[in-house]
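Numbering (UniProt numbering), first residue to last: 1 to 367.
We put the CB at the ideal spot given by N, CA and C, even for glycine.
In this text, all values refer to a predicted model and were calculated from it rather than measured experimentally.
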Ligand code: SAM
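As structure tokens, then:
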């Protein structure tokens with residue numbers, strides 16, 4: 001044992017005691033206290049445990065252990081990333097250990113990943129003592145900002161495809177990240193539908209439509225009888241009434257119809273996930289979070305992962321999407337099964353779906 005002492009460690013055992021989980025406490029056997037400091041925002045403790053590797057503790061609460069961190073980092077990241085068709089610009093709020101970044105950059109489509117953590121100490125110490133997670137900082141697509149995630153978000157509008165909030169618990173510096181004004185900021189910072197959001201397939205869809213409209217306009221009325229569906233019929237009748245229009249008006253009218261028609265298909269596609277505590281301990285809090293999220297996002301689902309060193313062995317995520325019709329429970333993108341097994345230790349397409357299936361007591365509360 002090192003000479004450094006810490007109030008949470010007695011007789012060689014770390015004890016995680018908190019009002020957030022009354023009457024129970026996770027204990028881990030400590031081999032060695034590696035580092036302890038009071039940063040500007042929180043108490044930072046790093047110790048080597050007997051069976052869970054290096055452990056990061058903030059304000060006496062376990063943030064991650066080398067042995068099981070992947071169950072959390074992979075799920076909070078890929079639930080959002082794989083529910084988006086083509087995430088290019090990603091924001092991580094919190095996540096100073098680098099684990100979520102490590103997962104984000106597994107997606108080749110990502111062009112830029114920005115991390116905003118309030119505490120430089122977490123980033124500095126993770127780089128030093130948790131290299132398996134901090135490896136995420138080394139990718140050239142990654143940019144780091146040290147500051148409050150709430151304030152950071154206020155500066156962005158329609159900017160990100162995916163936002164992942166990997167913050168500490170709602171006591172301390174992360175308190176503002178668990179309230180409705182924060183969800184509103186998240187909503188605003190996610191990209192809206194429109195020109196910038198037209199991804200590859202939607203763009204080609206628009207092009208095909210434009211060509212059809214143009215040909216139609218050029219050869220009208222000889223080809224119109226071939227279009228049997230209602231929309232074309234309405235358009236055809238309208239056209240007959242206004243067939244005397246100047247060609248410029250016809251073109252303008254066709255273009256407006258193209259825009260209206262396609263806006264349905266390019267409707268908002270943007271995703272975020274959000275840590276949402278434990279079903280056994282925090283059901284009222286999760287219910288409130290879901291309600292608050294639903295007041296801001298049209299599409300909100302709750303998923304969870306299992307992880308031995310978080311309270312009661314489980315932690316949940318709010319998966320929110322601006323697109324009311326998106327099925328976030330089914331991944332839009334998947335890795336080939338072989339690749340999935342080599343790059344991920346927890347996440348796979350089947351567990352993506354399964355993570356939204358809740359036991360009755362939680363399902364009833366969260367309905
Ligand atoms: N996975 C962990 C968990 O759920 O226990 C969270 C780990 S991560 C290290 C939490 C990070 O959130 C910390 O590095 C902390 O500094 C950061 N954080 C807390 N409040 C924040 C805020 N208001 N803005 C940005 N980052 C914040």
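So, at 7 Å on beta carbons, what are the nonlocal neighbours of residue i in its own chain, with the 5 sequence-adjacent residues on each side left out?
| i | result |
| --- | --- |
| residue 110 | 87, 88, 90, 104 and 141 |
| residue 326 | 83 and 299 |
| residue 117 | 94, 95, 96, 123 and 146 |
What does the Cβ neighbour count give for residue i, buried or exposed, with the cut at 16 atoms within 10 Å?
| i | result |
| --- | --- |
| residue 121 | buried |
| residue 360 | exposed |
| residue 95 | buried |
| residue 4 | exposed |
| residue 102 | buried |
| residue 77 | buried |
| residue 292 | buried |
| residue 63 | buried |
| residue 98 | buried |
| residue 38 | exposed |
| residue 27 | exposed |
| residue 23 | exposed |
| residue 108 | exposed |
| residue 80 | buried |
| residue 119 | buried |
| residue 191 | buried |
Contact check, residue i vs residue j under 8 Å by CB: the rounded distance?
| i | j | result |
| --- | --- | --- |
| residue 362 | residue 279 | 4 Å |
| residue 55 | residue 16 | That belief does not hold up - the Cβ atoms of residue 55 and residue 16 are roughly 10 Å apart, past 8 Å. |
| residue 113 | residue 153 | Residue 113 to residue 153, Cβ: 16 Å. No contact. |
| residue 366 | residue 287 | 6 Å |
| residue 304 | residue 316 | 4 Å |
| residue 348 | residue 340 | 5 Å |
How about residue i and residue j: are their beta carbons less than 8 Å apart?
| i | j | result |
| --- | --- | --- |
| residue 72 | residue 173 | no |
| residue 300 | residue 318 | yes |
| residue 328 | residue 321 | yes |
| residue 30 | residue 49 | yes |
| residue 92 | residue 166 | yes |
| residue 20 | residue 169 | yes |
| residue 74 | residue 333 | no |
| residue 144 | residue 115 | yes |
| residue 33 | residue 6 | yes |
| residue 302 | residue 290 | yes |
Can you list, in chain order, the residues of its chain whose CB lies under 8 Å from that of residue i, leaving out five sequence neighbours each side?
| i | result |
| --- | --- |
| residue 343 | 106 and 335 |
| residue 177 | 93, 94, 149, 150, 165, 167 and 170 |
| residue 157 | 188 and 189 |
Can you list, in chain order, the residues of its chain with a C-beta nearer than 6 Å to that of residue i? Leave out the 5 residues immediately preceding and following it.
| i | result |
| --- | --- |
| residue 180 | 292 |
| residue 352 | 331 |
| residue 100 | 73, 77, 92, 164 and 166 |
Is it true that the stretch 141-151 meets the stretch 124-132, where meeting means three or more beta-carbon pairs spaced less than 8 Å apart?
no
Decide yes or no for the touch test of the stretch 283-296 against the stretch 31-48: beta carbon pairs closer than 8 Å, at least 3 of them.
no
Do the stretch 53-70 and the stretch 307-324 touch if we need at least three Cβ pairs shorter than 8 Å?
yes
Could you say if the stretch 131-141 and the stretch 151-162 meet the contact criterion of at least three C-beta pairs nearer than 8 Å?
no
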